[in-house]
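Numbering (the working numbering), first residue to last: 16 to 119.
Backbone N, C-alpha and C fix where the C-beta goes; we use that ideal spot for every residue, glycine too.
Given the structure is predicted, the values throughout are model-derived calculations rather than measurements.
Notes follow the structure.
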């Protein structure tokens, strides 16, 4: 019985809204707009967003969205592509410090 209930939450082939293109996350049953209409939204991890010390959620801007919704410990306020930009910056800083260390 629990398995069939979980399958229903995940959007089984019973003609539910998930089969019609609406995103529903199983953990909180939160409805997400399609990716093309999604905008930054507050989450538990977005409290430090204005300071630049937040950690962007890797799943929020994906098609399926973040399954934790507003309870996510990562920031949903960051714009799409912010995580990739920060990774590139971090790698560039590490490479620069490595080349400075070798040149001494």
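Nearest candidate by alpha-carbon position, reference residue i, set the options
i, options, result
"residue 67", "109, 116, 91, 81", "91"
"residue 98", "77, 84, 52, 57", "77"
"residue 46", "94, 79, 111", "79"
DSSP-derived helix/strand/coil call for residue i
i, result
"residue 121", "Outside the modelled stretch of the chain, which goes from 16 to 119, sits residue 121, for which no answer is possible."
"residue 116", "helix"
Cα-Cα separation, residue i to residue j
i, j, result
"residue 63", "residue 72", "13 Å"
"residue 54", "residue 48", "9 Å"
"residue 96", "residue 116", "31 Å"
"residue 111", "residue 51", "37 Å"
"residue 94", "residue 114", "31 Å"
"residue 56", "residue 65", "13 Å"
Cβ neighbours of residue i in the same chain (closer than 6 Å, five flanking residues each side left out)
i, result
"residue 75", "81, 91"
"residue 58", "85, 87, 91"
"residue 102", "none"
Own chain, CB closer than 7 Å to residue i, minus 5 neighbours either side, in chain order
i, result
"residue 61", "69, 90, 91, 92"
### Query
Counting pairs of Cβ atoms below 8 Å between the segment 82-90 and the segment 104-113, do you hit three or more?
Pairwise C-beta distances place the segment 82-90 out of contact with the segment 104-113, as fewer than three of them are shorter than 8 Å.
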